[in-house]
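Quick note: the sequence shown, position 191, residue 271 per this note's numbering, numbers continuous. Glycine is no exception: its CB is placed at the ideal position from the N, C-alpha and C atoms. Only one structure is covered here, and it is reproduced in the block below.
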Amino acid sequence: MAVFITGGAGFIGSHTCVEMLEAGYEIVVADNYSNSSAESLERVKKITGKDFPYYECDIRDKEGLARIFDAHKIDAVIHFAGLKAVGESVAKPLEYYDNNIGGTIALLEVMREKNVKTIVFSSSATVYGSENPVPFKEDMKTGGTTNPYGTTKYMIEIILQDLCKADPEWSVSLLRYFNPIGAHESGLIGEAPNGIPNNLMPYIAQVAVGKREKLSVFGNDYNTPDGTGVRDYIHVVDLAKGHVKAVARAVSVKGCEVFNLGTGHGVSVLELVNAFKEANGIEIPYVIAPRRPGDIDNSYADVTKAWEILGWKTEKTIVDACRDTWRWQSGNPDGYGN
Ligand code: NAD
Ligand code: UFG
């Protein structure tokens, strides 16, 4: 059985390739490298000692996708490919709707044509919006997203739910990720953002390596224990293992299911800064800055459903994630570019 992985060269995709190969699956990867490079896939081969085919292909290119489906016996798809920068999506909404929604529809059309009807999709905790109380539970109301990126995730969830209603042969797993951080413990693959990082952990890592002077903590007057924003930081290797479980479930159960993938614990910005020091002995200089528009006080998952149905829960701590991030960042200060 082969699983087709879109966006497999990216941060979460590359870690999922490792876990899928180690679980014994065959994989086929496609990526347009708009936010990654094929070097990550070469490193996946090095980590696992396993070979697999990968293609430079944009998921909006239906002919290119069809050729890949014709060349391999594909049974299921894990769909990571998409643009993910919240701020950029506000400035470039058409690019985001075209790439994320247009790309997903093109992929689904080719899957239907080739009679492959099992898909695991990268959704996000952002679909819970700003009105729900924590912890977020899968059956809470979704929507109310505040930027085009988040809206693409919400809309793709609806598209996939509608597809399952229209055709009971489909199996869809909507995985709502919380905040993925960390890197593979080999230090060979990790997160390699272009330009100034938007997200907290890569920013901390770049301060630690001397690329940035100090961290700006966006607000210390939130309704949280220390006033800084609280998130559910999940080690990317735990997250990747969640995909292995979700694929196994999706190939055996038809219909649409939703799962939160998080730890179930909230951690503040300052707690993460302290965890980085505890793990690596490196102090991260910071200043308190104004709130970032669109940020919410608290976001963390209720993880009961993933445990009960997928038999999955996280095993790694934020200190593990800080150690692994630093091993990756210090060994690869320019990401895959060196
Ligand atoms: P990433 O940018 O590292 O990976 C996405 C990959 O998709 C990249 O390799 C990129 O080159 C590729 N890609 C983009 N558009 C494509 C297209 N049209 N055709 C082919 N390939 C394309 O991001 P990531 O952090 O690994 O995220 C993976 C998925 O998880 C994304 O869908 C993202 O929205 C979602 N997600 C991420 C987070 C997070 O915080 N990292 C949180 C929730 C959800
Ligand atoms: N933060 C700072 N300084 C920074 C960066 C972030 O203080 O330089 C704070 C934020 O204000 C927030 C916390 O750190 O309180 C986490 O911020 P991130 O940008 O790392 O993550 P978000 O929770 O804002 O968003 C992430 C992804 C979204 C996704 C969401 C939910 O970027 O794509 O998690 O999954 F939708």
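| Item | Value |
| --- | --- |
| Distance, residue 204 Cα to residue 312 Cα | 12 Å |
| Contact set for residue 282: own chain, Cβ-Cβ below 7 Å, skip 5 residues either direction | 271 and 273 |
| Unbroken beta strand (DSSP E) run spanning residue 335, endpoints | 335-341 |
| Length of the line joining the Cα atoms of residue 397 and residue 259 | 13 Å |
| Anticipated Cβ contact below 8 Å, residue 248 with residue 334, distance rounded | 6 Å |
| Counterpart residues of residue 86 in DSSP-defined beta bridges | 110 and 159 |
| Sequence-distant residues of the same chain with beta carbon closer than 6 Å to residue 372, five excluded per side | 298 |
| Straight-line Cα distance separating residue 367 from residue 103 | 44 Å |
| Pick from 190, 191, 167 and 163 that is closest to residue 178, judged by C-alpha positions | 163 |
| Extent of the continuous beta strand (DSSP E) to which residue 149 belongs | Here residue 149 belongs to no beta strand (DSSP E); instead the alpha helix (DSSP H) covers 142-151. |
| Three-pair Cβ contact test at 8 Å for the region 228-245 versus the region 308-325 | no |
| Which residues DSSP lists as bridging residue 255, in chain order | 202 and 339 |
| Buried or exposed by the 16-neighbour rule on C-beta atoms within 10 Å, applied to residue 482 | Limits of the chain in this structure are 81 at one end and 418 at the other, which puts residue 482 out of reach. |
| Bridge-paired residues (DSSP) for residue 295 | 366 |
| Residue 123 (DSSP reduced to helix, strand or coil) | helix |
| Among 116, 117 and 228, the one whose alpha carbon lies nearest that of residue 171 | 228 |
| Local Cβ density within 10 Å of residue 112, reported as buried at 16 or more and exposed below that | buried |
| Residue nearest to residue 197 in terms of C-alpha spacing, selected from 402, 157 and 87 | 157 |
| Contact under 7 Å by Cβ, residue 329 with residue 255 | no |
| Integer Cβ distance of residue 226 from residue 210, believed to fall under 8 Å | 7 Å |
| Cβ shell of residue 153 (< 7 Å), same chain only, five flanking positions each side left out | 82 |
| Residue 305 classed as buried or exposed, judged by whether at least 16 other C-beta atoms fall within 10 angstroms | exposed |
| Opening and closing residue of the alpha helix (DSSP H) in which residue 175 lies | 173-176 |
| Distance between beta carbons of residue 348 and residue 309, contact taken as under 8 Å | 7 Å |
| Proximity to residue 300 [Cα-Cα], best of 350, 106, 101 and 231 | 350 |
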